[in-house]
Each structure stands twice: as C-alpha cells, then as structure tokens.
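Engineer: Sequences listed follow chains D and X, in order. The first sequence begins at 1 in our numbering and counts up by one. The second sequence begins at 1001 in our numbering and counts up by one. Just so it is clear, CB atoms sit at the ideal spot from N, CA and C, and this is done for glycine as well. Being a predicted model, the structure only gives us computed values, none of them experimental. Before I ask anything, let me first share the structure, which is written out below as structure tokens.
2 protein chains.
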Amino acid sequence: MENITLKRISEVLNLSISTVSRALKNHPDISVATKKRVNELAQSLDYEPNINAINLRAKKNRVLALIVPTIAGFFYSSFISAVEEECRANDYTLIILQSGNDPETEKNNLSVCRQNRISGLFVCLSTNTENMAAFDKFNDADTPLIFFDKVPEGDAYNKVCVADEEAARIAAALLIEKKKVNILALFGNKNLSITKIRLKSFTDTIAQQKNIITNFEHCSNFTEAKNITIQYFSKKTFPDAVFCMSDEILIGVMKSLQDLKISIPEKTAVIALSDGFWPQLYSPEITYIETSGYKLGKLAFIRMMNCMEGKTKPVEMFINSPVIKGGSL
Amino acid sequence: MENITLKRISEVLNLSISTVSRALKNHPDISVATKKRVNELAQSLDYEPNINAINLRAKKNRVLALIVPTIAGFFYSSFISAVEEECRANDYTLIILQSGNDPETEKNNLSVCRQNRISGLFVCLSTNTENMAAFDKFNDADTPLIFFDKVPEGDAYNKVCVADEEAARIAAALLIEKKKVNILALFGNKNLSITKIRLKSFTDTIAQQKNIITNFEHCSNFTEAKNITIQYFSKKTFPDAVFCMSDEILIGVMKSLQDLKISIPEKTAVIALSDGFWPQLYSPEITYIETSGYKLGKLAFIRMMNCMEGKTKPVEMFINSPVIKGGSL
DNA sequence: CTTACCATTGCAAAGGTTTGCGAAACTGTT
DNA sequence: AACAGTTTCGCAAACCTTTGCAATGGTAAG
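Rendered as structure tokens:
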C-alpha cells in the first residue's frame, strides 16, 4: 500500500499541496466546495499526516518520555497508566524507557530522549544515579523535567512525591495510639532519599514516646523482607507490630508471617505505606497509608502541563496520604 | 539552548553539511583529520541527530507500538517490560497505548500509530473488539502486527500465546492425578477466545473421568471471583479443589479462602494458571502452570523481528507451560 | 607539461508539512 | 469599462538529514 501524502491528494484533485493542507485544517481561505472534495478523498484514502514531517517543520514535538527503573510492579505501572491516560487525552505520545536501575542505561535513555526532541520528561531515578549533569541539559533546553518517586536532592528540580513525611508520621502515630510497644520497622534501600525521609519522620514521631522499643531494619527487596521477618518472629517473644515502608516489603513480611502462622492482629499488628492494591488481598485486610501511583501520575502530568505553559520555578509537590483502615492494626 | 544541527557544526568548522554528516558516520571518504575535528565539536556541543529528519528522509521508522487494555497488572506490565528491554537493546523506540478495553479508543490508538508511521505493532485486543478492519490496514501496509493474549480468531494474523490448551490440560491432569472429586473451576470472561480454549481443554480432560463433579463458573474480575468462592465454600460440604484460570481469579479465590479460614491444601486444594509472581506470596505457595508475560514478550519481539526481515505467513506461536509445584495441591 | 588517478569535499535533491505572500479570478461599484 | 475589493488558490522556503554525483586539489606517471 502506497504512502498517502498531501502531494498525492493534491495530484488527484488537481490542487496545490498548500490548498490541500489548508482544506484539511479548515482554513477560512479555502472554499467549502474544495474543503468537501479534499476531506472526502482524504477520508477514503485513509490519509494520516506524517508526524515526522510535522515535527520537523514545527521544531517541536508532542512527545513526552518517561524513564523508570522497571515497568513491572504495581506502583510504577499504575503511575504509568495514569500518565498514559493523560497523554492520550491531550494528544501527546508517550515513550516509555526502563533504566533497570543502571545509570549507564539511564544515560543512554536520555540520549534517546534528546534525539527524539521530546517536549517533556518524567523520571524516576535509578537507585544509584549520582551525576545529574545529563539531566541538567534538559533544564538548559527548557524541556520540562518532572521527577517522581526517586527524586534528586536540592531545590533545582521539579518533583512530585507522595507526602512521605506525613505518611510515615501518621503510621507512627497510629502505632502509638494503639499502644504498641515493640515495633519492627522495615525500610528500603538506605541510600534512597525516599527512605531517608520516611525513616526520619517515623523515628522523630516514635521517639517522643519513651516506652516504645523500635527495631529498625533495611531491606531492599521481597526476599530480604521475608528473611528479616523470619528472624524476628522465630523467637518466642516478638514484636507486637510491624511497619512496612513499601508494598514490596509488605508482601515479604506477610509471606513470612503466614509461613509462621502468626495471626494478625492478635499476635502482631501490621501497617504499611502502600499503593492500595496488595493490602486488600490479605485477611484481615492490611491497614495502610495510601501512596497512590495513579494519583501521583495524574499530579505529575498536571505539573508537566503547567511547566510547558510558562516559565515557573521548580517546585516540590505532594499528594495527600489518607489512612485506609483494614483489620490488621 | 539552541538546537544543534549538522548545519550549525558545518558553519563553525567551515565545512559542508554533507561532510559533517559523513564524518560523524565514519565514512571512508572523509580524512581522519576532519573526522577528528567534527567528532570533537559534535561531542562538545552535545549534538544529537534529529530523529524526525532521519525518519522523514528514510521514509521509515525504528518505532514500535504496543496497545494493551491497561498497563497496570502483572501480566501486562511484565510483557511490556520484556518488549521494552528488547526494543531498547535493538534501538527501537516503543510507544505504549492503553485501550481501556474500549474499541473506540482502540481505533484512535491505531490512528496514532499510523500517524507515527510505526514499523510494527503489538496488540492485545480489547475485550469487545469486533471489527478488525482497522487492523487489516496494517497488514495491507506491510506493517507487522503481532497479537498476544487476547487475539483475534482466524489464521490471518500473527499470534503469540501461552500454550493455553496444554496448560489447562496439565492442570486438569494434575487434579485427576491427585484424585480430586469435587472441583470448582473458575474461568474468565466467556467471550474471550482465551477463556474458550482453556475451558474446552480443561473440560475435555476432566470429562474422561466419570467420578468427578466439576462446577464451572465464570468471573471476570477479582470481586466476582471472591464472591463465587464464598458462595461455594460457605456450605458445609464444599469442593476439594479449586482451579483458577488466571492470576486475577486466583487472588480473588485466595482472599475468600483466607477469610473463611479454609486451610490449604488440607481442606481444599488450589491450582492456577499464573504469571508466577502471586503464587509465591501465599503460604503454602500455590502450585501453578506458568503463563509468563515476560517470556511471552520476548517471544513476541522475536516474532516481530522475523516478520520485519522477510515476508512470512501469519503464524500462531506458543510458549511452553512448565508446572511449578507449590504446596497447595 | 600533460594526463590520469586518487583523496577529499561540496552541491543539490528528496522526504512531507506548514505558512507568508503574491497571483489570479471574480464580485460589485462607479 | 475601469476600478477596487474579495475570495480562492499556488509558489516557495524552511525544518534536518542522507546520498549520488560532480568538483576540486594534489600526486605520480608518461
């Protein structure tokens, strides 16, 4: 099947390319009769404008890109889902790239983005990104850059975040309110700013109470979370509550608690920061503070649009953190 | 920051655009001295070629697209993850679009694809797509079209599938082998070909045994699966095994069994067709027949490459279905 | 000194679209 | 019949890259 272009249509109709172009765009210069002829032929030939040509001429692009360590996983895939919905609704094309948590791949991805002359970029940093220079180029080029989840430090960047501090504080407060006295608190990778914030906020809140013993542990994946939990709960006296910083940790913890047949909330309570999907799978359902990827995605897109409209200073934005009560506390 | 182009470089160096272009591509016509000058300047200016211009000239694109009902969910996101990895490794850009299970949106997405002059397309049909005409245009245009998961009927299309028939047969055989006699078999949406295939294969295998009672039910989401399970297991005599056609059904079933405190595998056995992530979350882990989104994605990409290399007839391909033993059977 | 040849480099066209500006045709007015 | 004013349309340039072919300069051979 041949490629249908304006030129092709213009030849068939004995018109100039420019007339065809204007007719399709409903330009007032063109007579209704001509518009009708053009539109009908275009329709019947299934004409679709060549985006590459359009972008080339316009020197810009309705293309956004998104870089994420991995697509799989509930938080990211629901974030992406939200962003994609908005892109589609606003006639943006979305390019998705995985970094695999590898700074080198991340750099290559940025190269792809620049080749594509994208007009905006969402980024969740890989765990060990240190040099932000490659990102700064986008700022220099006035290409909006929105970080989410794993964000860089400093106030030179746009960031959308779950209200990490608030969420961790609420969780700690709930544990205090329920008079828990021996808490196992599980956090993710030490180096992540997200971990630091949650840890500090949780610690600060708990520390106000004298009589609470808190065991802080770090675990960066499902398996580690499982193992640490087993370690703590194999003893004859064990924590009366577990705090899980993330979904991944939560499911690791739950696996071990189920293996050990420790009943919830009788023997121990569980509370988590979560996207909201997993907690409802358990019985009783897990009480959690919501950190919704979907909502965050929507917010990120709004922020992106604002950045594209006009010059604004980088800001850090938050989504709120409602408590969803299950029966685990 | 201004846009760096070949022209810009050529002006600085007092060379022609073509010389710069060739120098960057390491063309033998260009002297080493010139190549060096050009490369150094390009490097320092962070030159990235404009993909739109390249595509326009080449009249083709290293862009693939993928349409899926929703990105969220384990099967799809792991499928996408695999496809994206391969795209990146092979210098293809991937555009991801969600149909939201709406044929209208699906059609719009196809329009986007054609505007982008993509060179290949992966599609998981939305549940109620009837008219394949919009897809046929891609075949007419020699743009490879690979269907996965929800695939159209007939042999005019390329399809990559989990070995549905085999997987369902294996599951049924395992239940027979374990001498289960009262089985609750849960299947997804009746209209899906994937459901039909699994249902038929399962039924055919089970039917060979006279003494087995099988209760077939359809449920198209988590909640329905939960409710049906409760309905069956609230009676005083209940099934001694549950078969779950998908992950979504499995987690619904497990929620209800946990709520009712029905111990597995003592009171009832559970077996599922699954991507493999969820079964390991439970205790005991669920025995399942693997239907891996990730593997399927890899296969889909290979098939795509084959289609792009040369003219081949549409085929239906399968990935194998290993049994992963947990303790639920 | 001419001729031939090689190594380098430049010219120009093409790909599809948009848009400022000029050209043509037509309308209606004096 | 001449003119101005509209309506409708076409020309050509620009966006950036690639590539066949021509052109330039130089070197060596005759």
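Could you compute how far the alpha carbon of Leu1125 of chain X sits from the alpha carbon of Gly1073 of chain X?
Structural biologist: Using only the alpha carbons, I get a separation of about 16 Å.
Engineer: Starting from Gln115 of chain D, find everything on chain X with Cβ-Cβ shorter than 8 Å and list it in chain order.
Structural biologist: Glu1048, Pro1049, Asn1050 and Ile1051, listed in chain order.
Engineer: Can you find a CB in chain D that lies within less than 8 Å of the CB of Tyr1282 of chain X?
Structural biologist: By this cut-off, Tyr1282 of chain X is an interface position.
Engineer: Looking at the secondary structure, which residues open and close the alpha helix (DSSP H) in which Gln1258 of chain X lies?
Structural biologist: Per DSSP, Gln1258 of chain X belongs to the alpha helix (DSSP H) from Asp1247 to Asp1259.
Engineer: In whole angstroms, give me the CA-to-CA distance for Glu225 of chain D and Lys1150 of chain X.
Structural biologist: Per the sequence presented here, residue 225 of chain D reads as Ala, with Glu not at that position. Ala225 of chain D and Lys1150 of chain X: Cα-Cα distance of roughly 36 Å.
Engineer: Mind checking the segment 57-73 of chain D against chain X and listing, in chain order, the residues whose C-beta falls within less than 8 Å of any C-beta there?
Structural biologist: The residues in question are Lys59, Asn61, Thr70, Ile71, Ala72 and Gly73.
Engineer: Report yes if the C-beta distance between His343 of chain D and Lys235 of chain D is below 8 Å; otherwise report no.
Structural biologist: Any property of residue 343 of chain D remains undetermined from this structure, which presents chain D solely from 1 to 329.
Engineer: Kindly give me the distance between the Cβ atoms of Leu1273 of chain X and Met1254 of chain X, rounded to whole angstroms, as I take these residues to be in contact under 8 Å.
Structural biologist: Not confirmed; about 14 Å, so no contact.
Engineer: In or out: Glu1266 of chain X buried (at least 16 other Cβ within 10 Å) or exposed?
Structural biologist: That one is exposed.
Engineer: Can you tell me whether Ala1300 of chain X is buried or exposed, with buried defined as 16 or more other CB within 10 angstroms of its CB?
Structural biologist: Looking at its Cβ environment, which holds 16 or more other Cβ atoms inside 10 Å, Ala1300 of chain X is buried.
Engineer: Mind checking which residues open and close the beta strand (DSSP E) that includes Val112 of chain D?
Structural biologist: Unbroken run through Val112 of chain D is the alpha helix (DSSP H), Pro103 to Gln115; no beta strand (DSSP E).
Engineer: Tell me whether Ala156 of chain D is buried or exposed, calling it buried when 16 or more other Cβ atoms sit within 10 Å of its Cβ.
Structural biologist: Under this definition Ala156 of chain D is an exposed residue.
Engineer: In three-state terms, what does DSSP make of Asn1215 of chain X?
Structural biologist: Asn1215 of chain X: strand per DSSP, three-state reduction.
Engineer: Decide if the segment 1036-1043 of chain X is in contact with the segment 1228-1242 of chain X; the criterion is three or more beta carbon pairs, one per stretch, under 8 Å apart.
Structural biologist: At 8 Å Cβ cutoff, the stretches do not touch.
Engineer: Below 8 Å on the Cβ atoms is my contact criterion, and I expect Leu94 of chain D with Asn109 of chain D to pass it. Report the Cβ-Cβ distance as a whole number of Å.
Structural biologist: Leu94 of chain D to Asn109 of chain D, Cβ: 14 Å. No contact.
Engineer: Count the other C-beta atoms from every protein chain shown that fall within 10 angstroms of the C-beta of Val1012 of chain X, then say buried if there are 16 or more, exposed otherwise.
Structural biologist: So Val1012 of chain X counts as exposed.
Engineer: With 16 as the cutoff for other CB atoms within 10 Å, does Ile1067 of chain X come out buried or exposed?
Structural biologist: It is buried - the Cβ of Ile1067 of chain X has at least 16 other Cβ atoms within 10 Å.
Engineer: From Ala1023 of chain X to Asn221 of chain D, what distance separates their C-alpha atoms?
Structural biologist: Taking the straight line from one Cα to the other gives about 47 Å.
Engineer: Return the chain-ordered list of same chain residues with a C-beta closer than 6 Å to the C-beta of Glu248 of chain D, the five sequence neighbours on each side being excluded.
Structural biologist: Contacts found: Phe222.
Engineer: Throw me the rounded Cβ distance for the Ile1271 of chain X and Leu1329 of chain X pair, which I believe falls under 8 Å.
Structural biologist: Right, their Cβ atoms sit about 5 Å apart.
Engineer: Who are the Cβ neighbours of Ala1168 of chain X in its own chain at under 6 Å, not counting the five residues just before and after it?
Structural biologist: Cβ neighbours of Ala1168 of chain X beyond the five flanking positions: Arg1198, Ser1201 and Phe1202.
Engineer: Would you call the segment 71-89 of chain D in contact with the segment 102-116 of chain D, where contact means no fewer than 3 C-beta pairs closer than 8 Å?
Structural biologist: Touching, no, given that fewer than three Cβ pairs across the two stretches are closer than 8 Å.
Engineer: Determine, using beta carbons only, whether Ser111 of chain D and Thr105 of chain D come nearer to each other than 8 Å.
Structural biologist: The answer is no: Cβ separation not under 8 Å.
Engineer: In or out: Pro144 of chain D buried (at least 16 other Cβ within 10 Å) or exposed?
Structural biologist: Flag for Pro144 of chain D reads buried.
Engineer: Run through chain D and tell me which residues come within less than 8 Å of Asp1102 of chain X, C-beta to C-beta.
Structural biologist: Neighbours of Asp1102 of chain X on chain D: none; closest Cβ ~11 Å, over 8 Å.
Engineer: For Thr1019 of chain X, tell me which candidate among X:Lys1035, X:Ile1004 and X:Ile1212 has the shortest Cα-Cα distance.
Structural biologist: Ranking X:Lys1035, X:Ile1004 and X:Ile1212 by Cα distance to Thr1019 of chain X puts X:Lys1035 first.
Engineer: With 16 as the cutoff for other CB atoms within 10 Å, does Asn61 of chain D come out buried or exposed?
Structural biologist: Buried, by the Cβ-count rule.
Engineer: Looking at the secondary structure, which residues open and close the beta strand (DSSP E) in which Thr34 of chain D lies?
Structural biologist: Taken as a continuous stretch (DSSP letters only), Thr34 of chain D belongs to no beta strand (DSSP E), being part of the alpha helix (DSSP H) at Val32 to Leu45.
Engineer: What's the call for Asp1029 of chain X, buried or exposed, on a 16-neighbour Cβ count within 10 Å?
Structural biologist: Exposed, because fewer than 16 other Cβ atoms sit within 10 Å of the Cβ of Asp1029 of chain X.
Engineer: Which of the residues in the segment 1217-1239 of chain X, read from start to end, lie with their CB under 7 Å from any CB of chain D?
Structural biologist: Result list empty, no residue passes.
Engineer: Cutting at 8 Å between CB atoms, please list the residues of its own chain near Ile1213 of chain X, excluding the five before and the five after it.
Structural biologist: Cβ within range, chain order: Val1181, Asn1182 and Ile1183.
Engineer: Using three-state DSSP, classify Ala1134 of chain X as helix, strand or coil.
Structural biologist: Helix, per DSSP.
Engineer: Residues of chain D with a CB under 9 Å from the CB of Arg1303 of chain X: which are they?
Structural biologist: Those do not exist, as Arg1303 of chain X stays about 20 Å from chain D at its closest Cβ, beyond 9 Å.
Engineer: Evaluate the contact criterion for the segment 1127-1140 of chain X versus the segment 1273-1282 of chain X: three or more CB pairs, one atom per stretch, below 8 Å.
Structural biologist: No: fewer than three Cβ pairs fall under 8 Å.
Engineer: Between X:Ile1302, X:Leu1296, X:Arg1037 and X:Lys1261, which lies nearest to Pro284 of chain D when the distance is taken from Cα to Cα?
Structural biologist: That would be X:Lys1261, whose Cα lies nearest to the Cα of Pro284 of chain D.
Engineer: Just list the alpha helix (DSSP H) runs in the segment 283-312 of chain D, keeping only unbroken ones of 4 residues or longer that don't cross its boundaries, in chain order.
Structural biologist: Counting whole runs of 4 or more residues, the segment 283-312 of chain D contains the alpha helix (DSSP H) stretches 293-309.
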